[in-house]
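> Below is one structure. I have some questions about it.
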Amino acid sequence: MGTIALGVRDNVAARFWGSTNGKKAVMAVTGLILFGFVMGHMLGNLQIFEGPVAFNDYAKFLRSVPLGLWLARIVLLTSVVLHVTASVQLVLRKRRARPVAYASKESIASTYASRTMYWSGPIILAFVIYHLLQFTFGVTGVPDYQEGEVYRNVVSGFGQPAIAIWYIVSMLLLCLHLRHGVWSMFQTLGVNHPRYTPILRHGATLFAVVVAIGFISIPVSVLFGWVS
Amino acid sequence: MRLTLHVWRQQGPRTKGRLVRYQMDNVDHEMSMLECLDVLNEELIGKGDEPIAFEHDCREGICGSCGFMINGVAHGPARATTVCQLTMRNFKDGDSLTIEPWRASAFPLIKDLVVDRRSFDRIVASGGYISVSTGNAPDANAILVPKDIADRAMDAAACIGCGACVAACPNASAALFTGAKISHLGVLPQGQPERHLRALSMVAQANLEGFGGCTNIGECTAVCPKEIPLEVIARMNRDYIAAALSQRDAEVNTIRPFTEWSTGSKLVNDPHATS
Ligand code: SF4
Ligand code: FES
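Chains as they are written, first to last, in the working numbering: chain A, 944 to 1171; chain B, 10 to 284.
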């Protein structure tokens, strides 16, 4: 059989990335990595309820293994870059794929979360950048930022209602994003079975809600003075 | 029954189209949607107007020729039904219907509600086949196929290529169609020899045609007249990823997308028909 590869790249990896299916596979794998991080980050953060000493010690512990820290940072940053690049390219492709819009178009079966991935994603990205500037670099959002005084920084950061609300809204969007993303990555990687897919869908919703509640509990506790 | 129709009218691929309002005062609820358009067309012809162009053939829901959007839903409000099988019983007196063609750059518009779906044919041609030895007819049941596998292949093969999945998809992706075609051969023993090349080629062709990417939204399967499940998309992804990771050469079959019509077609007056 001859090779008639019209407009298809010869390099196998480039061709994989060049196809929408390949891009989605990359998004699924990077999404899984980011989901794992979000899960771990949420669980770690909950130690704030054990008081300032335990929480600051946890933060110190994370920084005590620079190699591990930088490895994690590199993996996460690479994942974010790939995830975002693929999604931007897919949005551009989607625009080209339907140049003339419908006069009327109904959604009859899809979830709100699935249709708003292209909105929730960029807002979460903006939030993550702000979040890093706020708590990692201390550039903004914490009036009296002190390096290493993690507990104090969190309390004084979330003491400002506007910032706490921005955080809560972002976490609700993260919840939506995960609700679709976490089951969708299985579908993208080829896992679908009438017996397991409903479990995956429900499991995704459960995990999304648990992650959101876990994160949101912190600013809410600060606002109500339960953590101070 | 009285209905108000807003139908997309467009002379040709290069002209501007618009929704035109038609009032119908005597729609029988026993009619199919296409028969309703037939009645309207009779009226238009009687008045010397140009009838509405739409595709149809079998009118029994099996050929995949017909299809358009009704009030934003591909093939209209009834599930698992093509527009030729959609009876006007699904509408109420006084309803207003907006009727539009499928919208996707891979389905260039030809006229009114008719779009060029040859991109689907090229996806099938790139890999939707199996190789068989010619010669004497093989013995029946020489290759055993378990019942559940045969059923799954049959379910996927039920796809009639209507294009509703693309039309309903917010990304204008052909994933459900391509997945159905890849699955119906891929689950069968006869489909194994070309399984990987099929996935690579059909996926490459779908991408070449300019369909969007699948984001697992699920609007496609909801409007599919044959209720093709999302599972076929996962199957396509599984075969594609496995093939892409394991392939040893860069072999893939694709066909150059062409949009011109051959001479002798009705569109001979418009050589740039759909390009
Ligand atoms: S998958 Fe369903 S909606 Fe899509 S072309 Fe086939 S029959 Fe039509
Ligand atoms: S005309 Fe054949 S499926 Fe509708």
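Idealized CB from N, CA, C, for every residue including glycine. Only a predicted model underlies this, so the values are computations on that prediction, with no experimental measurement involved.
If you follow the beta strand (DSSP E) that I1067 of chain A is part of, which residue opens it and which one closes it?
As a working note, residue 1067 of chain A is residue 124 in the first sequence. From DSSP, I1067 of chain A is part of no beta strand (DSSP E) but of the alpha helix (DSSP H) over 1060-1074.
> If the cut-off is 8 Å on Cβ atoms, which residues from the stretch 99-116 of chain B count as contacting chain A, listed in chain order?
Within the stretch 99-116 of chain B, the qualifying residues are T107, E109, R112, A113, S114, A115.
> Measuring only between beta-carbons, confirm whether R18 of chain B sits less than 9 Å from chain A.
To locate residue 18 of chain B, count along the second sequence from 1; it is residue 9. Not one chain A Cβ lies under 9 Å of R18 of chain B.
> Run the CB neighbour count on W1126 of chain A, radius 10 Å, all protein chains shown included, and call it buried at 16 or more, exposed below.
In the first sequence, counting from the first residue as 1, residue 1126 of chain A sits at position 183. Under this definition W1126 of chain A is a buried residue.
> What does L1033 of chain A touch in chain B if you count any residue whose Cβ is under 8 Å from its own?
Residue mapping note: residue 1033 of chain A aligns to position 90 of the first sequence, counting from 1. Those within 8 Å of L1033 of chain A in chain B are N180, G221, G222, T224.
> Residues in its own chain within less than 8 Å of T230 of chain B by CB, not counting five upstream and five downstream?
Your numbering for residue 230 of chain B matches position 221 in the second sequence. Here the set comprises C174, L185, E236, I237, P238, L239.
> Pull out every residue of the stretch 1111-1133 of chain A whose Cβ sits closer than 7 Å to any Cβ of chain B, in chain order.
Here the close residues are S1127, Q1130, T1131, L1132, G1133.
> Take every Cβ of the stretch 252-259 of chain B, pair it with every Cβ of the stretch 1135-1150 of chain A, and state whether three or more of those distances are shorter than 8 Å.
In short, these stretches do not touch, since the Cβ pair count stays below three.
> Taking the beta strand (DSSP E) that R11 of chain B belongs to, which residues open and close that run?
Mapped onto the second sequence, residue 11 of chain B falls at position 2. Careful: R11 of chain B lies outside any beta strand (DSSP E) and carries neither H nor E.
> Any C-beta of chain A sitting closer than 9 Å to the C-beta of R247 of chain B?
Taking the first residue of the second sequence as 1, we reach residue 247 of chain B at position 238. Yes, contact with chain A.
> Which ranges would you report for the alpha helix (DSSP H) in the stretch 198-231 of chain B if only whole runs of at least 4 residues count?
Whole alpha helix (DSSP H) segments, 4+ residues: 204-217.
> For the ligand SF4, I want to know if I169 of chain B counts as a neighbour, meaning its beta carbon is within less than 8 Å of at least one of the ligand's heavy atoms.
Taking the first residue of the second sequence as position 1, residue 169 of chain B is located at position 160. Checking the Cβ of I169 of chain B against the ligand SF4 gives yes.
> Check whether the Cβ of H15 of chain B lies closer than 9 Å to any Cβ atom in chain A.
Here residue 15 of chain B refers to the residue found at position 6 of the second sequence. Yes, because at least one Cβ of chain A sits closer than 9 Å to the Cβ of H15 of chain B.
> Taking only three categories from DSSP, how would you classify I119 of chain B?
Here residue 119 of chain B refers to the residue found at position 110 when the second sequence is read from its first residue. In the structure shown, I119 of chain B sits in a strand (DSSP, three-state: E or B).
> Within 10 angstroms of the Cβ of A1044 of chain A, are there 16 or more other Cβ atoms? Answer buried if so, exposed if not.
To locate residue 1044 of chain A, count along the first sequence from 1; it is residue 101. Classification for A1044 of chain A: exposed.
> In the DSSP output, what is L28 of chain B paired with across the bridge?
To locate residue 28 of chain B, count along the second sequence from 1; it is residue 19. Partner(s): B:W17.
> So with CB distances below 9 Å, who are the chain B contacts of K967 of chain A?
Locating residue 967 of chain A in the first sequence gives position 24, where the first residue counts as 1. Per Cβ cutoff of 9 Å: G222, C223, T224, N225, N246.
> Compare the C-beta of T91 of chain B against all C-beta atoms of chain A and say whether one is closer than 9 Å.
Counting from one through the second sequence, the residue named residue 91 of chain B turns up at place 82. So no, T91 of chain B is outside the interface.
> Going by DSSP, what residue range makes up the alpha helix (DSSP H) through T187 of chain B?
Translated into positions along the second sequence, residue 187 of chain B becomes position 178. Run containing T187 of chain B: 184-195, per the alpha helix (DSSP H) assignment.
> Name the chain A residues that come within less than 8 Å of I242 of chain B, Cβ to Cβ?
Here residue 242 of chain B corresponds to residue number 233 of the second sequence, with the count starting at 1. Going along chain A in sequence order, the residues near I242 of chain B (Cβ under 8 Å) are Q1130, N1135.
> Is the CB of A134 of chain B under 9 Å away from at least one CB in chain A?
If you number the second sequence from 1, residue 134 of chain B lands on position 125. So no, A134 of chain B is outside the interface.
> Name the residues in the stretch 1041-1052 of chain A whose C-beta lies less than 8 Å from a C-beta of chain B; which are they?
Answer set for the stretch 1041-1052 of chain A: R1041, P1042, V1043, A1044, Y1045, A1046, S1047, K1048, E1049, S1050, I1051, A1052.
> Taking only the alpha-carbon atoms, compute the straight-line gap between L106 of chain B and A1147 of chain A and give it to the nearest angstrom.
In the second sequence, the residue the question calls residue 106 of chain B occupies position 97. In the first sequence, the residue the question calls residue 1147 of chain A occupies position 204. For L106 of chain B and A1147 of chain A, the distance between alpha carbons rounds to 38 Å.
> Alpha carbons only, please: which of B:G144, B:P155, B:T91 is nearest the one belonging to D66 of chain B?
Counted from its first residue, the second sequence places residue 66 of chain B at position 57. Cα-wise, what sits closest to D66 of chain B is B:T91.
> Under the assumption that F63 of chain B contacts V123 of chain B (Cβ atoms under 8 Å), give the Cβ distance between them as a whole number of angstroms.
The residue given as residue 63 of chain B occupies position 54 in the second sequence. The residue given as residue 123 of chain B occupies position 114 in the second sequence. Yes, they are in contact, since the Cβ atoms of F63 of chain B and V123 of chain B sit about 6 Å apart, within 8 Å.
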